[in-house]
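Numbers 2 to 245, taken from our numbering, label the letters of the sequence shown in order.
The beta-carbon is built from N, C-alpha and C at its ideal position, and this holds for glycine as well.
Presented below is the structure to which this report refers.
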Amino acid sequence: MKRAAKPLILCFLLLTFYYESFCWGFYAHRKINYYAVFLLPPEMVVLYKPNIDFISEHAIDPDKRRYGVPDEGPRHYIDIDHYGSYPFDSLPRKWKDAVDKFGEDSVKTYGIVPWHVQTMLFRLTDAFKEKNFSKIMKYSAEIGHYIGDAHVPLHANSNHNGQFTNQKGIHGFWESRVPELLAEKEFNFFIGKAEYIKNPGEYIWDRVLESAKASDSVLLFEKQLTKEFGDDKNIHLKTGTAQL
Ligand SMILES: [Zn+2]
Numbered sequence: 002m003k004r005a006a007k008p009l010i011l012c013f014l015l016l017t018f019y020y021e022s023f024c025w026g027f028y029a030h031r032k033i034n035y036y037a038v039f040l041l042p043p044e045m046v047v048l049y050k051p052n053i054d055f056i057s058e059h060a061i062d063p064d065k066r067r068y069g070v071p072d073e074g075p076r077h078y079i080d081i082d083h084y085g086s087y088p089f090d091s092l093p094r095k096w097k098d099a100v101d102k103f104g105e106d107s108v109k110t111y112g113i114v115p116w117h118v119q120t121m122l123f124r125l126t127d128a129f130k131e132k133n134f135s136k137i138m139k140y141s142a143e144i145g146h147y148i149g150d151a152h153v154p155l156h157a158n159s160n161h162n163g164q165f166t167n168q169k170g171i172h173g174f175w176e177s178r179v180p181e182l183l184a185e186k187e188f189n190f191f192i193g194k195a196e197y198i199k200n201p202g203e204y205i206w207d208r209v210l211e212s213a214k215a216s217d218s219v220l221l222f223e224k225q226l227t228k229e230f231g232d233d234k235n236i237h238l239k240t241g242t243a244q245l
């Protein structure tokens, strides 16, 4: 591997914030990018720490683009259950193979997040090779967003807003309300130093498979809690009026 690529893979990992994540709204995306900077090795902290406000603020740019750029939406998720059952072997992990098998339009329809993370990694690596500071910052902030999304169970399931199981609103609940209520008190953002990832493609697919595996639990727990506490209480949670 070329020298320039190594710190980028480190960056890739550090931005891979593996906590019990579900899905992320603006608040959580900013937090993820912010704390990721502190996990970097010192040689990289000198670059990112002075720009931590930019890295945090622009974590949400990909979501802001979603309604203006038609190609943007599918970069944030993959409805992997469309391809059968775990571990979804019918879906080739290589982009070209997946497109050859299903056609580009179809692959895009069901979401492309694991491939787009790799595209962003190539762009970021190139930006470092070019020593292009503004591109380095932009792609660093944005790859953090897509990696965050890849860790979200509801971003790896076609029932992403509980629309098939009478759980509408669960997406925003997990994405925004839960982190807003609990991040400061309950979440641990210091999860150890960033480590070098030899095979980023394999790594991100493993994370997506984990997300897909966890999506059933997210939906199931919400159902159980609704049963236990009643739908009234849950509606408050989903609409963001609950005080935990
Ligand atoms: Zn997103």
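(message) What does the alpha-carbon distance come out to for the pair Ser177 and Ala29?
(response) Looking up residue 177 in the sequence shown gives position 176. Looking up residue 29 in the sequence shown gives position 28. Distance between the alpha carbons of Ser177 and Ala29: 7 angstroms.
(message) Below 8 angstroms, how does it come out for the stretch 35 to 43 and the stretch 186 to 199: are there three or more Cβ pairs, yes or no?
(response) Taking one beta carbon from each stretch, the stretch 35 to 43 and the stretch 186 to 199 have 3 or more pairs nearer than 8 angstroms; the two touch.
(request) Please name the residue, chosen from Val114, His83 and Lys132, that lies closest to Pro75 on a Cα-to-Cα basis. (result) Residue mapping note: residue 75 aligns to position 74 of the sequence shown, counting from 1. The candidate whose alpha carbon is nearest that of Pro75 is Val114.
(request) Quick one: grab the DSSP three-state call for Glu229. (result) On the sequence shown, residue 229 is found 228 positions in, with the first residue counted as 1. In this structure, Glu229 counts as helix in the three-state DSSP scheme.
(message) Let's test the definition: count the other Cβ atoms within 10 Å of the Cβ of Thr227 and tell me whether it reaches 16, buried, or not, exposed.
(response) The residue labelled residue 227 in the question sits at position 226 within the sequence shown. Its Cβ being crowded by 16 or more others within 10 Å, Thr227 is buried.
(request) Pick out the complete alpha helix (DSSP H) segments inside the stretch 99 to 138, 4 residues or longer, and give them in chain order. (result) Counting only runs of 4+ residues, the alpha helix (DSSP H) found wholly inside the stretch 99 to 138 occupies 105 to 110 and 114 to 131, in chain order.
(message) Are the CB atoms of Arg208 and Tyr151 within a distance shorter than 7 angstroms?
(response) Here residue 151 refers to the residue found at position 150 of the sequence shown. Here residue 208 refers to the residue found at position 207 of the sequence shown. Looking at the sequence shown, residue 151 is not Tyr but Ala. Yes, Cβ-Cβ distance for Ala151 and Arg208 is below 7 angstroms.
(request) Give the DSSP-derived three-state secondary structure of Glu196 in the structure shown. (result) Taking the sequence shown and counting its residues from 1, the one referred to as residue 196 is at position 195. Correct three-state label for Glu196: coil.
(request) Report whether the distance from the Cβ of Asp72 to the nearest heavy atom of ligand 1 is below 6 angstroms. (result) As a working note, residue 72 is residue 71 in the sequence shown. No - ligand 1 has no heavy atom lying nearer than 6 angstroms to the Cβ of Asp72.
(request) Would you identify the three-state DSSP class for Phe222, choosing helix, strand or coil? (result) Within the sequence shown, residue 222 is the residue found at index 221, counting from 1. Phe222: helix per DSSP, three-state reduction.
(message) Assuming Phe27 is part of the alpha helix (DSSP H), what are its boundary residues?
(response) Working through the sequence shown from its first residue, we reach residue 27 at position 26. Note, Phe27: alpha helix (DSSP H), Phe27 to Val38.
(request) Enumerate in chain order the residues of its own chain whose CB-to-CB distance from His172 is below 8 angstroms, with the five nearest sequence positions on each side excluded. (result) Taking the first residue of the sequence shown as 1, we reach residue 172 at position 171. These residues qualify, in order along the chain: Cys24, Leu155, His161, Asn162 and Gly163.
(request) Name all residues in chain order for which at least one heavy atom of ligand 1 lies closer than 6 angstroms to the residue's CB. (result) Pro63, Asp64, His77, His146 and Asp150
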